[in-house]
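Before any comments, here is the structure.
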Amino acid sequence: MSMRRELNFSVAENLLLVHLCVKHRHALFPYHHHLPPRAICLRTWTEIRDRLHSPISLHYYNFLAFVSAVEEINNSSELLPNLTLGFHIDNPYDNFYLMYRAAMNIFSGMDTGIPNYRCNTSSSLAAILEGLPAEHSSQFSSLSTIYHYPQISYTSGNLVMSDTVKFPYFYRTVPSELHLCAGIVKLLKHFGWTWVGIIASDDENSMRAVQILREGIEQSGGCIDFIKTFSQSRSFLVHRDNVYKAIHISSTKLHRYLKNQRFKNVLGEEIFFDENAEQEFTIYEELITWNNTFIEEPLQSRCSPSCRPGFRKLTREGKPVCCYDCIPCPQGEVSSQTVDMDACTKCPEDQWPNQKKDACILKVITFLTYEEPLGITLTFICILLILINTVILGIFIHYKDTPIVKANNRELSYILLISLILCFLCSLVFIGHPDKMTCILRQTAFGISFSIALSSILAKTTTVVMAFHATKPGSKLRKWMGSRISISIVLFCSLIQTVLCLAWLLTAPPFPYLNMRSEIGTILTECNEGSIVAFYCVLGYLGFLAGISFIVAFLARNLPDRFNEAKYITFSMLVFCSVWISFIPTYLSTKGKYTVAVEIFAILASSAGLLGCIFFPKCYVILMRPERNSRKCL
């Protein structure tokens, strides 16, 4: 037959002493009801209820939780089998002398406590549960340490008592000031509460906790609106849950097991201590019920509303960091889905912010295509001009034996018309997706084609001047007259441009290039000229040929009517030079695919100017005024 050992607790309103003892039940727990001066053994709820006749105060709920826990342990076959817990109740009324006397009585096992003495009794003290103020709790801990009894507090959060070297037998079922402040900061940060007011009692421990809390809130990005204090009053505090946990903790019996202990009570609550014998805590948001009428959402406590994605915070001058304005992210930057961003993030080079500026999206790759309206228009104009040029070439070939065609040097006219067709065709190379081959062909074909056309015009004007002077008596220019001098001028001038283009291609040829900064939100696929110096040398040489042709034609404008082609060449060169002089600033000021469109337009306009000014008048005479197409009229 097994013997059932009896364990006793002692309870007081401001001091809860739980001690395990055989036969006699002792516990010390504070409450404001009248009990006999001697320790009272209260075994059942009926006995407790019969002893109390005055109204129950809030503090008494702590006592009820204590009694409930004791009865639950005693009635359980799993918790402390063959042992019975008892309790002794004492009320020191926040008086240090009464607290000290009650403690000595329990430690000594006598009604009159004797220091450093322990009377042999039939009960065994297991632990001491107390709810003292912080300063009394630390003083009481010195006594429990002497007698090597665990002291478990359900109210003290004093950070000083976290020192396990100085207080090796002290435990608590409430968070320390450090953990409590960390938990508050964690709670505030979890729900996004940044505008905070602090209300605390005016004692030293509370002020220390306020300072820790304030530092934690400010470090997490929060701001303190106010700090209010009040005189300490414990009358409204109820610690029944902590008392209940403290009783179950004491039932683990052994002091060394309380270190880093983790277990669940009968309510399913997990109880554990860290290496400092303190309890931590976790936020269970799903268990929170918000006191809102229509929706269950966390309340808001902010100085300024949250900055939604696409905006960043700008702290107001002279205000706390929690008071800010929300300004849109700069161009090319985003703020992600996280709200209240301090700074926006720059998108990668190949990406661009979406319309809301909350995410980076890939830039659109663009170039001048044949499918878009601008490309279709330029292509149509180019083909139309090629057809007109071809028709004019056909007219000149068909009427090659007429005086007006012969008088204007048929060979040079054919070369000029063919070179103009090449000029129109080279503009089509600028449309479409640039690749290595098209980038090389663009500028070289353009430069060589135009050099042939301009050298043909230069040869025409030179021939006109030489023909006029050759008719004078005794002129030595007569022997130079003929097609050889004209062809030589065309070949020589074109060869110089060809050499320039070859040097360009051999040193720094054009290549395809992804221009990510030309237009906002797009990647322009274009041809990089490779060497901008070579590009402008090609243009400069064309300008030189055009200038020489214009000067020679201008000087020959007043020659007799038989040789009046110089007037048309002068006007055509004026149009040509005007187009390309306007091209340079326009080309430099445009961006993206419109730069290519400007160059195509310049090619088409200048070529059309040459075609129209030089050949339209002759075609008009050939087709509409055939009577003027005779030697007599020339």
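All residue numbers for the sequence shown refer to the numbering used here, where the first residue is 3 and numbers rise by one.
Each residue gets a CB set at the ideal place from its N, CA and C atoms; glycine is no exception.
On a predicted model such as this, the values are computed, not experimentally measured, just so you know.
Quick one, are the C-beta atoms of residue i and residue j less than 8 Å apart?
i, j, result
"S533", "T509", "yes"
"W197", "S303", "yes"
"S155", "R174", "yes"
"L364", "N391", "no"
"S158", "L134", "yes"
"V621", "I459", "It should be noted that the sequence gives Cys, not Val, for residue 621. No."
"V341", "S308", "yes"
"S457", "S429", "no"
"L85", "V72", "no"
"D360", "R314", "no"
"Q153", "E132", "yes"
"I602", "F432", "yes"
"V554", "T465", "no"
"M518", "E288", "no"
"T368", "T592", "no"
Given that a residue counts as buried once 16 or more other Cβ atoms are within 10 Å of its Cβ, and exposed if not, what is residue i?
i, result
"T371", "exposed"
"F618", "exposed"
"V623", "buried"
"P628", "exposed"
"V167", "exposed"
"P512", "buried"
"S490", "exposed"
"S338", "exposed"
"V366", "exposed"
"P436", "buried"
"E531", "buried"
"F578", "buried"
"K595", "buried"
"I571", "buried"
"L380", "buried"
"L30", "Reliability fails at L30, whose pLDDT of 41 lies under 50, so the model's placement of it is uncertain and the value that follows must be treated cautiously. Counting Cβ neighbours within 10 Å, L30 comes out buried, since at least 16 surround it."
"I616", "buried"
"R27", "Caution applies to R27, whose pLDDT of 36 falls short of 50 and renders its modelled position unreliable; the model cannot decide the point."
"C23", "Annotation note: pLDDT 42 at C23 (below 50); position unreliable, coordinate value reported separately. It is buried - the Cβ of C23 has at least 16 other Cβ atoms within 10 Å."
"L82", "buried"
"G320", "exposed"
Pick from the options: whose alpha carbon is nearest that of residue i?
i, options, result
"I91", "A105, L81 and L85", "A105"
"R310", "Y326, V600 and E528", "Y326"
"P514", "T527, L502, W506 and R559", "T527"
"I201", "F172, A211 and Y596", "A211"
"I1", "T592, N76, I383 and I285", "The requested residue 1 does not occur in the structure, where the chain is confined to residues 3 to 636."
"C529", "N64, F546 and V598", "V598"
"V492", "L504, I454, C503 and T524", "I454"
"F232", "P177, S203 and S208", "S203"
"I450", "A461, L502 and E74", "L502"
"H138", "I108, H150, Y102 and Y151", "Y102"
"T284", "L301, G320, E319 and V187", "V187"
"L215", "L419, F426, N631 and A184", "A184"
"K358", "I385, T368 and I329", "I329"
"L389", "N64, L427, R318 and P83", "L427"
"L395", "I406, L418 and L386", "L418"
"G549", "E567, S140, F537 and S574", "S574"
"I219", "L189, N97, Y286 and T404", "L189"
"A447", "C425, T147 and G434", "C425"
"A461", "S520, I399, S551 and P355", "S551"
"K191", "S70, L301 and N410", "L301"
"E521", "S415, Q333 and R412", "Q333"
Please report the residue range of the beta strand (DSSP E) in which residue i lies.
i, result
"E601", "Counting along the chain, E601 falls outside any beta strand (DSSP E), though it belongs to the alpha helix (DSSP H) covering K595 to M626."
"I91", "From DSSP, I91 is part of no beta strand (DSSP E); its letter is neither H nor E."
"R174", "F172 to R174"
"V366", "V366 to T368"
"L131", "I130 to E132"
"A136", "Note, A136: premise wrong, no beta strand (DSSP E); alpha helix (DSSP H) at A136 to Y149."
"E528", "T524 to N530"
"C328", "Y326 to P330"
"V431", "Neither: V431 is in no beta strand (DSSP E) and is coded neither H nor E."
Give the range of the alpha helix (DSSP H) segment to which residue i is assigned.
i, result
"L182", "E179 to F193"
"P405", "P405 to A409"
"L100", "F98 to S110"
"H377", "Residue identity differs from the one stated: residue 377 is Gly in this sequence, not His. Per DSSP, G377 belongs to the alpha helix (DSSP H) from P375 to H400."
"K569", "E567 to S591"
"C539", "I534 to L557"
"G218", "E206 to Q221"
"C428", "R412 to C428"
Are the region 369 to 383 and the region 440 to 453 touching, with three or more C-beta to C-beta distances below 8 Å? Touching, no.
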